[in-house]
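Here the structure is laid out as structure tokens; the discussion comes afterwards.
2 protein chains.
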Amino acid sequence: MSFSDHMSLPNHFELLATDGAARTGRLTTPHGVVRTPAFMPVGTAGAMKGMHWRDLRAAGTDIALGNTYHLMLRPTAERIASLGGLQKFTGWNGPMLTDSGGFQVMSLADLRKVDEKAVTFRSHIDGTKVELSPERSIEVQLLLGSDIAMQMDECVRLPAEQADIERAMQLSLRWGERSKRAFERAPAGYMLFGIVQGGDVPALRHASARGTVDTGFHGYAIGGLAVGEPQAVMLAMIEEVAAHLPTDRPRYLMGVGTPDDLLQSVRRGIDMFDCVMPTRNGRHGVAFTRYGQVNLRNARHADDPRPLDESSEWPATRETSRAYLHHLVKSGEALGAMLLSEINIAYYQRLMADIRDAVSNGAFDDFYQKTRTDWERGDIPPR
Amino acid sequence: MSFSDHMSLPNHFELLATDGAARTGRLTTPHGVVRTPAFMPVGTAGAMKGMHWRDLRAAGTDIALGNTYHLMLRPTAERIASLGGLQKFTGWNGPMLTDSGGFQVMSLADLRKVDEKAVTFRSHIDGTKVELSPERSIEVQLLLGSDIAMQMDECVRLPAEQADIERAMQLSLRWGERSKRAFERAPAGYMLFGIVQGGDVPALRHASARGTVDTGFHGYAIGGLAVGEPQAVMLAMIEEVAAHLPTDRPRYLMGVGTPDDLLQSVRRGIDMFDCVMPTRNGRHGVAFTRYGQVNLRNARHADDPRPLDESSEWPATRETSRAYLHHLVKSGEALGAMLLSEINIAYYQRLMADIRDAVSNGAFDDFYQKTRTDWERGDIPPR
Chain A
31 MSFSDHMSLP
41 NHFELLATDG
51 AARTGRLTTP
61 HGVVRTPAFM
71 PVGTAGAMKG
81 MHWRDLRAAG
91 TDIALGNTYH
101 LMLRPTAERI
111 ASLGGLQKFT
121 GWNGPMLTDS
131 GGFQVMSLAD
141 LRKVDEKAVT
151 FRSHIDGTKV
161 ELSPERSIEV
171 QLLLGSDIAM
181 QMDECVRLPA
191 EQADIERAMQ
201 LSLRWGERSK
211 RAFERAPAGY
221 MLFGIVQGGD
231 VPALRHASAR
241 GTVDTGFHGY
251 AIGGLAVGEP
261 QAVMLAMIEE
271 VAAHLPTDRP
281 RYLMGVGTPD
291 DLLQSVRRGI
301 DMFDCVMPTR
311 NGRHGVAFTR
321 YGQVNLRNAR
331 HADDPRPLDE
341 SSEWPATRET
351 SRAYLHHLVK
361 SGEALGAMLL
371 SEINIAYYQR
381 LMADIRDAVS
391 NGAFDDFYQK
401 TRTDWERGDI
411 PPR
Chain B
31 MSFSDHMSLP
41 NHFELLATDG
51 AARTGRLTTP
61 HGVVRTPAFM
71 PVGTAGAMKG
81 MHWRDLRAAG
91 TDIALGNTYH
101 LMLRPTAERI
111 ASLGGLQKFT
121 GWNGPMLTDS
131 GGFQVMSLAD
141 LRKVDEKAVT
151 FRSHIDGTKV
161 ELSPERSIEV
171 QLLLGSDIAM
181 QMDECVRLPA
191 EQADIERAMQ
201 LSLRWGERSK
211 RAFERAPAGY
221 MLFGIVQGGD
231 VPALRHASAR
241 GTVDTGFHGY
251 AIGGLAVGEP
261 QAVMLAMIEE
271 VAAHLPTDRP
281 RYLMGVGTPD
291 DLLQSVRRGI
301 DMFDCVMPTR
311 NGRHGVAFTR
321 YGQVNLRNAR
331 HADDPRPLDE
341 SSEWPATRET
351 SRAYLHHLVK
361 SGEALGAMLL
371 SEINIAYYQR
381 LMADIRDAVS
391 NGAFDDFYQK
401 TRTDWERGDI
411 PPR
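If you read the protein sequences in the order shown, they are chains A and B. End of the first sequence = 413 in the numbering used here, gap-free, step of one. End of the second sequence = 413 in the numbering used here, gap-free, step of one.
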């Protein structure tokens, strides 16, 4: 592993403590400090679905994610730049990470075509033909004013042929180099993360990690996981990659995951996560709690005056009755999605805060065991 | 006008000041005090659309309205009673008024039939055949634990034949008497309001007001307005009715209205209002402000970093840019509806608070003129 290139970039990450492979630290961005391990809620088009930014902050969120693909199409990166950047535009005013846009071109856009130079596609909003190259992706992310920009990469859904995984991995390495060159004009303090690909093939993961670190970035992401493979495969790939990443830079596992995914990944050295799961599951009536998932659609809750978790420090979790949540979900009331989204985000952020404390105190193993025991215990019995 | 009957019911309303016909007072309910004039946001099925109860309270709301028709069908009044009443069920824990359910049977249910005894209909949720009589409506409202129950009445859309208006008005008087008898078993402190009908016919309004006051209620509502008639007709009918209502009881104008409707009606002696307009218009991208209505869909806002009203004391009104609101509305993001709903409710409640202050200070006429001048000035010019 070469440290020569990434060492040439300023380091804004401070590792505060480790416990086994688990880490806790501070990442200083132009818009504020991020405590790690950090969970980043996803504000796709510049907004969280069903949550005010003020409540996101109150729930313990340090950093949010915006989607470049959506924002470049509407309201456009140029407009957001003229309005002072994404943080000011949304009123969030805190740290933001943006993805490169590449992943969502693949899942949302029509008539997409990938070649060495760029991805071309038609906008899902108005059908306009758009070209997204690594250089344009960085330009867009700089216009958005992202505290952390991501290199453009190609992500392959699993299972996939090894030849396809390797081709996409090699392309991602070349796009990473082009992304880094394009990022040279970024203002001081802003960061660019490289992305390790390689699917579920250890040798390709090793090669991708080495190549990405050789290019050198402010931080390193692991992409192409949580795309259809079993959790055990994901965790094995994290271990394969983490061994090749510099210890002094932040590590971000993209698009993950369940609370258990987060806990298991922290245990293998991951510092940052993003996922739509807490808000998406909330919109579908599912709560995450200390004692596992609770489906509020279930008729057992209809007459239950008890809250989801009377020991939670989050008011909506501690005070709202299951009967009311059940009623809201069954009635399709927006307030049900709003309450469950904030309950879930608050649970995720509580989990991350507890993890940080446990690592700081050298008690991560105990916390890991206790947390899994609580999840396995499951929800309180019906009354 | 006879005071004999209504005088026999305890009075929970205290008139604090008058200025011309405008009034300000305090209505004490089992779940708290309501400052009048009061605007009641509508939480149809036990939830405000797009607003947390905590934000409703922060915006200056003293009392909210629930719809008996929706709640009796789902989750049912019996279930809400077993969970401690609507205030506790929703977590609002403040004063609540419920309508009788009759109006929404007419607008939402299938196969409805009105006779002397009751309204029968099929539920719009599951097709079940349901009978709603004045006695059952009161029973349901007592199960819900409403601080203020409404008598069952029949409301005729305007324009209508005088014979139809009179028939519905006479039926409403008889249903009012039956509602009052059914309410005799209500616990102390809970209130029942009668409803004056009579369409746009002054003689029928007089007869209805006299008959309703003869029956005697804790307060008096004016129904059957804002159902298609011009504002001038509505205001004329308020004047016809108000002259026949006892001055020591609260007066509630049902289903009204725009900020100007509220201001004009207070000027004619109204104390309470309810309307879906602030939240419904918010969901459609329209904001109410000190300088009139603003349609955030309009492209003029797309690049405008200015807030809706920089002098507002409500944070979302003072801090959120028009450009961001425009983007949210155009993108169909739930946060747009959420922000505009609370911005509008906060504006309505600010207006009511300012009205109360103006009446207390004997300055209502000045406030009335200044407010209308501001509305007429209109929104700030585009940049």
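The beta carbon of each residue, even a glycine, is placed where N, CA and C say it ideally should be.
So, is leucine 141 of chain A buried or exposed, given that buried needs 16 or more other C-beta atoms within 10 angstroms?
-> So leucine 141 of chain A ends up on the exposed side.
Just tell me which of A:Gln261, A:Ile93 and A:Leu203 has its CA closest to the CA of aspartate 244 of chain A.
-> Checking every option, the nearest Cα to that of aspartate 244 of chain A belongs to A:Leu203.
Assign glycine 299 of chain A to one of two classes, buried (16 or more other C-beta atoms within 10 Å of its C-beta) or exposed (fewer than that).
-> When all chains shown are included, glycine 299 of chain A counts as buried.
Can you name the residues of chain A whose CB is closer than 7 Å to the CB of tyrosine 354 of chain B?
-> The contacting residues are Phe119, Thr120 and Gly121.
Check alanine 262 of chain B in the structure and name its three-state DSSP category.
-> The DSSP-derived three-state label of alanine 262 of chain B is helix.
Who are the Cβ neighbours of arginine 104 of chain B in its own chain at under 8 Å, not counting the five residues just before and after it?
-> Cβ neighbours of arginine 104 of chain B beyond the five flanking positions: Ala75 and Ile155.
Just checking my contact of histidine 57 of chain B with valine 72 of chain B at CB under 8 Å: how many whole Å lie between their CB atoms?
-> Going by the sequence as given, residue 57 of chain B is leucine instead of histidine. Contact doesn't hold; Cβ gap of about 18 Å is too wide.
Neighbouring residues, chain B, relative to alanine 75 of chain A (Cβ below 7 Å) = Within chain B, the residues near alanine 75 of chain A are Ser361 and Glu363.
Assign serine 137 of chain B to buried or exposed, taking buried as 16 or more other Cβ atoms, counted over all protein chains shown, within 10 Å of its Cβ.
-> Its Cβ having fewer than 16 others within 10 Å, serine 137 of chain B is exposed.
Distance cut-off 6 Å: leucine 172 of chain A Cβ against heavy atoms of the ligand SAM = The model on display carries no ligand, and the ligand SAM is accordingly not part of it.
Is it a yes or a no for the segment 119-129 of chain B touching the segment 83-98 of chain B, going by three-plus beta-carbon pairs under 8 Å?
-> Contact holds: three or more Cβ-Cβ distances are below 8 Å.
Which residue's Cα is closest to the Cα of arginine 197 of chain B: B:Gln227, B:Gln181, B:Val170 and B:Leu222?
-> Checking every option, the nearest Cα to that of arginine 197 of chain B belongs to B:Gln227.
How would you write the range of the alpha helix (DSSP H) that threonine 347 of chain A sits in, first residue to last?
-> Unbroken alpha helix (DSSP H) run through threonine 347 of chain A: 345-349.
Reduced DSSP category for leucine 39 of chain B - H, G, I as helix; E, B as strand; rest coil | Annotated three-state conformation of leucine 39 of chain B is coil, per DSSP.
So which residues of chain A does glutamate 349 of chain B contact, with C-beta pairs closer than 9 Å?
-> Within chain A, the residues Gly121 have their CB atoms less than 9 Å from the CB of glutamate 349 of chain B, given in chain order.
Between histidine 36 of chain B and the rest of its own chain, which residues show a CB-CB distance below 7 Å, the 5 nearest in sequence each way excluded?
-> Any reading at histidine 36 of chain B is ruled out, since the residue's pLDDT is 48, under 50, leaving its predicted position unreliable.
At least one CB of chain A closer than 7 Å to the CB of proline 412 of chain B: is that the case?
-> Output row for proline 412 of chain B: interface = no.
Are the C-beta atoms of proline 335 of chain A and some chain B residue less than 7 Å apart?
-> Yes, proline 335 of chain A counts as interfacial toward chain B.
Taking the runs of the alpha helix (DSSP H) that are 4 residues or longer, which of them lie wholly in the segment 95-183 of chain A?
-> Taking only runs of at least 4 residues, the alpha helix (DSSP H) segments lying wholly in the segment 95-183 of chain A are 98-103, 107-112, 116-120, 132-138 and 164-174.
Counting only runs that start and end within the segment 223-252 of chain B, where is the alpha helix (DSSP H) found for 4 or more residues in a row?
-> For the segment 223-252 of chain B, the full-length alpha helix (DSSP H) segments reaching 4 residues or more read 232-245 along the chain.
Proline 411 of chain A, buried or exposed, once every other Cβ within 10 Å from all chains shown has been counted against 16 | Flag for proline 411 of chain A reads exposed.
Buried versus exposed call for histidine 357 of chain A [16 or more other C-beta atoms within 10 Å across all chains shown] | So histidine 357 of chain A counts as buried.
Would you check if the distance between the CB atom of methionine 199 of chain B and the CB atom of leucine 234 of chain B is smaller than 7 Å?
-> Result yes, Cβ atoms of methionine 199 of chain B and leucine 234 of chain B sit closer than 7 Å.
Endpoints, the beta strand (DSSP E) within which tyrosine 282 of chain A is located | Counting along the chain, the beta strand (DSSP E) containing tyrosine 282 of chain A begins and ends at 281-283.
State the DSSP-derived secondary structure class of methionine 70 of chain A, mapped to helix, strand or coil.
-> Residue state, collapsed to three classes: strand.
For glutamine 261 of chain B and valine 324 of chain B, the rounded distance between their alpha carbons = The straight-line gap separating the alpha-carbon atoms of valine 324 of chain B and glutamine 261 of chain B is approximately 21 Å.
Starting from the Cα of aspartate 85 of chain A, find the closest Cα among B:Pro337, B:Lys400 and B:Leu365 and give me that residue.
-> The residue with the shortest Cα to Cα distance from aspartate 85 of chain A is B:Leu365.
Of the residues that make up the segment 78-91 of chain B, which ones have a beta carbon closer than 9 Å to any beta carbon in chain A?
-> Listed in sequence order: Met78, Lys79, Gly80, Met81, His82, Trp83, Arg84 and Asp85.
Short Cβ contact (7 Å threshold) for isoleucine 373 of chain B with alanine 346 of chain B | Note that the C-beta distance between isoleucine 373 of chain B and alanine 346 of chain B is below 7 Å.
Contact set for alanine 237 of chain B: own chain, Cβ-Cβ below 8 Å, skip 5 residues either direction = Closer than 8 Å at Cβ, skipping near neighbours: Met199 and Gly228.
Cut-off 6 Å between Cβ atoms - residues of its own chain near glutamine 294 of chain B, not counting five sequence neighbours on either side | Taken in chain order, the residues that qualify are Leu265.
Whose CA, out of A:Ala190, A:Asp49, A:Glu169 and A:Val160, lies closest to the CA of glutamate 214 of chain A?
-> Comparing Cα positions, the closest option is A:Glu169.
Specify the secondary structure class of valine 359 of chain B as computed by DSSP and reduced to three states.
-> Valine 359 of chain B falls in the helix class under three-state DSSP.
Counting only the same chain and skipping the five closest in sequence on each side, list residues whose C-beta sits under 8 Å from that of glutamate 108 of chain B.
-> Correct list, in chain order: Leu173.
If you measure beta-carbon to beta-carbon, which residues of the segment 367-378 of chain A are closer than 7 Å to chain B?
-> Correct list: Met368.
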